[in-house]
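Every letter in the sequence shown is one number past the one before it in full-length UniProt numbering, and letter 242, counting from 1, is 242. Each remark here refers to the structure printed beneath this line.
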Amino acid sequence: MNQSDMGDSRASPRAQTSTTGHAKSIVGVQQPGSVDEVIELVHWARSTGARLYPVSRGLNWGYGSATPATDGCLIVDLSRMNNIRNAEAINARNPVAVIEPGVTQAQLYDHLEAHCPSLTFNVTGSGRDTSILGNALDRGVGYLGPRKEDVFGLEFVDGQGRLLKTGFRRLGEDSPLAHCHPYGLGPMLDGLLSQGSIGIVTSACFRLVPRRPREVAVSLTLRDVENFSAFLDSLIALKREGLMTSVAHIGNRARTETTLRYGITQYLQQRCGLSGRSLSDAADQALKVAARGEWSALASVTGNAGQVRAALKEIRSRTSRLADVRVVTDKLLDIGYAVTDRLRAWPTCRATAAAISAIRPLHGLALGKPTNVAIENLLWRGGQEELAPGAFDESHCGLLYVSPALPADGAFISRIMAVLNTVAARHGHKLYTTVNLETPLSTVAIINLLFDRRDAQAVAGAHRCADALWTCIREHGLEVYRARADMMPGVTDTAPEYWQAIGDLKAALDPLNIISPGRYAARERRESLHKPVSQTLDEL
């Protein structure tokens with residue numbers, strides 16, 4: 001195996017630890033650049049007994065990044081595989097991108113803007129340089145819904161080194177059905193590749209979305225926290241009836257302030273020349289404009305002019321007794337900013353201009369424009385704003401996600417959020433929470449724990465808090481919808497028969513358990529190594 005073609009096999013610090021503070025030993029990193037090289041790598045692993053841990057770009061921040069679930073893995077970094085294979089064929093009549101795992105949100109967005117601006121896609125707030133396919137396979141949630149629903153026709157190399165394709169891609173890429181029919185004929189393997197470890201996905205079809213004639217963002221700020229349950233139920237009903245055409249992201253004050261403070265501070269420093277106490281006071285005033293309530297929601301409404309007008313009327317009618325409703329468009333933001341920025345010598349105008357400056361990237365997210373604002377905020381908060389967002393794992397910012405799946409029931413969500421906040425407070429932590437109305441029937445909560453990774457006690461304390469939150473979630477008959485790498489040993493504690501069956505299916509496709517051992521897996525199934533992996537790396 002040619003190392004110069006495959007990439008460096010030396011251990012990468014980025015792959016051994018992450019923002020979670022979770023570390024595992026690895027034997028090296030390989031960067032295949034083609035499907036053939038992935039197949040060659042799997043056959044090599046089968047002959048040597050090596051363990052392979054594939055990552056798309058390794059930027060799975062808060063969930064483990066590129067850190068494997070078990071020690072002794074060889075990281076398979078797929079970031080060199082970054083082709084949009086059908087780039088020239090994408091158009092309004094063919095709204096599908098066939099993407100490799102290294103394709104980023106920024107790459108696809110820029111391509112569509114340049115070549116097919118009538119199309120957009122389901123964007124997440126995870127960052128411009130994150131992998132679309134990696135996020136979808138780990139069941140990330142974008143602004144339009146669950147990303148697992150966006151991918152089909154998966155091409156993957158299984159643990160026996162076979163190249164397989166799901167759906168009708170197995171008929172060949174020239175088949176009229178290859179990139180349009182998601183189900184194929186017979187049993188579907190797609191689900192086993194979602195949070196699975198039966199193979200290494202090398203490409204997939206990704207649904208694109210036609211832009212509508214009118215697209216607006218809607219911001220709703222709850223006035224009285226006592227009405228949180230009713231507020232949630234109103235938004236859930238709007239989602240079910242299709243009046244809100246996106247996922248509604250409902251953030252608590254801590255999450256909203258953390259998201260906005262960096263943008264506000266940047267404006268006040270650069271445009272107003274403030275510093276020190278004056279800067280802090282002005283930022284607090286701007287946050288009162290941008291984040292007035294304990295809970296704020298952001299969603300989008302799209303359609304033709306009449307549809308959007310009717311939907312907005314209904315949204316106002318149902319929520320105005322509970323929340324302040326604002327319709328946000330690029331034009332309104334531009335006008336508001338131009339006026340208030342010109343009058344920024346006045347404290348009220350300065351606060352409004354700063355708030356608009358910080359809100360703009362979030363408005364773009366709701367309408368399909370990826371941004372690094374979330375990571376930039378955390379880097380700034382940790383005093384490391386000089387680092388590029390892609391280097392987030394190299395910072396001392398600690399970030400853990402605890403992400404429970406929840407029923408679409410306002411009273412239930414309100415109760416469980418109160419319980420989880422109490423648990424966190426016992427451990428000295430504040431929860432930074434977003435509740436996403438993921439589907440008409442279910443929601444998910446994205447809960448952040450923030451800490452300083454330079455402090456060993458802070459790292460240990462954050463993990464104790466995260467464990468306590470997970471225990472509480474399970475005690476209420478719930479489960480996380482997405483697990484961190486360090487959580488994997490406990491994932492299979494419940495429903496052992498189910499995980500046994502998953503293990504049996506994995507054994508059929510990856511009998512030597514060489515791909516992602518320990519990741520969403522019931523038990524270890526391995527034959528003894530033919531020879532120590534450390535002695536085989538020179539063969540790569």
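Each residue gets a CB set at the ideal place from its N, CA and C atoms; glycine is no exception. Fair warning: this is a prediction, and the values are worked out from it, not measured in the lab.
Item, Value
"From HIS530 to ILE473, what distance separates their C-alpha atoms?", "Low confidence applies to HIS530: its pLDDT is 44, below 50, so where it sits in the model is not reliable, and the reading given next is rough at best. Each residue's Cα considered, the two are about 42 Å apart."
"Can you say whether SER528 is buried or exposed, counting buried as having 16 or more other CB atoms within 10 angstroms of its CB?", "Legend: pLDDT at SER528 = 39, less than 50; position of this residue unreliable, value from coordinates given subsequently. SER528 comes out exposed."
"Within the continuous beta strand (DSSP E) that includes PHE231, where are the two ends?", "Not the beta strand (DSSP E): PHE231 falls in the alpha helix (DSSP H), residues 228-240."
"Take the Cβ of VAL339 as the centre, count every other Cβ of all protein chains shown within 10 Å, and call the residue buried at 16 or more, exposed below.", "exposed"
"What residue does the alpha helix (DSSP H) around HIS111 start on, and which one ends it?", "105-115"
"Is the beta carbon of GLY303 closer than 8 Å to that of ARG162?", "no"
"Which residue from LEU279, ARG350, ASP110 puts its Cα closest to that of TYR337?", "ARG350"
"Can you list, in chain order, the stretches of the beta strand (DSSP E) that have 3 or more residues and sit fully within the segment 316-399?", "323-328"
"Just list the beta strand (DSSP E) runs in the segment 218-305, keeping only unbroken ones of 3 residues or longer that don't cross its boundaries, in chain order.", "249-252, 295-303"
"Check the C-beta distance from THR166 over to GLY153 and give it rounded, since I have them as a contact under 8 Å.", "6 Å"
"Rounded to whole angstroms, what's the CA-CA distance from GLY518 to ALA69? Just pull it up for me.", "6 Å"
"For LEU74, list the residues DSSP reports as bridge partners.", "GLY28, LEU52"
"DSSP three-state label for TYR183, please.", "coil"
"Would ALA501 be called buried (16 or more neighbouring beta carbons within 10 Å of its own) or exposed?", "exposed"
"With a cut-off of 8 Å on the beta carbons, I'd call GLY251 and ILE515 a contact; round off their distance for me.", "About 36 Å; that fails the 8 Å criterion."
"According to DSSP, is GLN3 part of a helix, a strand, or is it coil?", "Unreliable placement is indicated for GLN3, whose pLDDT of 44 sits below 50; the coordinate value is still reported in the next sentence. GLN3: helix per DSSP, three-state reduction."
"Which of the three DSSP states, helix, strand or coil, is assigned to ILE413?", "helix"
"Count the CB pairs spanning the segment 218-231 and the segment 266-275 that are closer than 8 Å, and state whether there are at least three.", "no"
"Tell me the DSSP bridge mates of ILE90?", "According to DSSP, ILE90 bridges with nothing at all."
"How about THR443 and LEU406: do their beta carbons lie closer than 8 Å?", "yes"
"Assuming TYR498 is part of the beta strand (DSSP E), what are its boundary residues?", "Note, TYR498: premise wrong, no beta strand (DSSP E); alpha helix (DSSP H) at 496-509."
"Using C-beta distances below 6 Å, list every residue in its chain close to ARG169, excluding the 5 sequence neighbours before and after it, in chain order.", "GLY153, ALA178"
"Helix, strand or coil for TYR520, going by three-state DSSP, please let me know.", "coil"
"Reducing DSSP to helix, strand and coil, say where LEU441 ends up.", "coil"
"Where does PRO496 land, buried or exposed, given buried means 16+ other C-beta within 10 angstroms?", "exposed"
"Could you tell me which whole alpha helix (DSSP H) segments of length 4 or greater appear in the segment 127-153?", "132-137"
"Within the same chain, show all residues whose beta-carbon is closer than 6 Å to that of GLY368, passing over the 5 residues directly before and after it, in chain order.", "THR120, VAL123"
"Helix or strand or just coil, what does DSSP make of GLU40?", "helix"
"Apart from the five residues on each side of it in sequence, which residues of its chain come closer than 6 Å, Cβ to Cβ, to LEU287?", "GLU257"
"Kindly identify the DSSP beta-bridge partner or partners of VAL201.", "PHE156"
"Alpha helix (DSSP H) containing LEU406: first to last residue?", "Segment 405-407 is the beta strand (DSSP E) holding LEU406; no alpha helix (DSSP H) there."
"In this structure, does DSSP put ARG170 in helix, strand or coil?", "helix"
"For the segment 371-385 against the segment 221-241, do three or more pairs of beta-carbon atoms, one drawn from each stretch, fall closer than 8 Å, so that the two count as touching?", "no"
"In angstroms with no decimal places, state the Cα-to-Cα distance between ALA66 and LEU243.", "39 Å"
"Which term fits GLN31, buried or exposed, when burial requires 16 or more other beta carbons within 10 angstroms of its beta carbon?", "buried"
"Between the C-alpha atoms of HIS429 and MET188, what's the straight-line distance to the nearest angstrom?", "43 Å"
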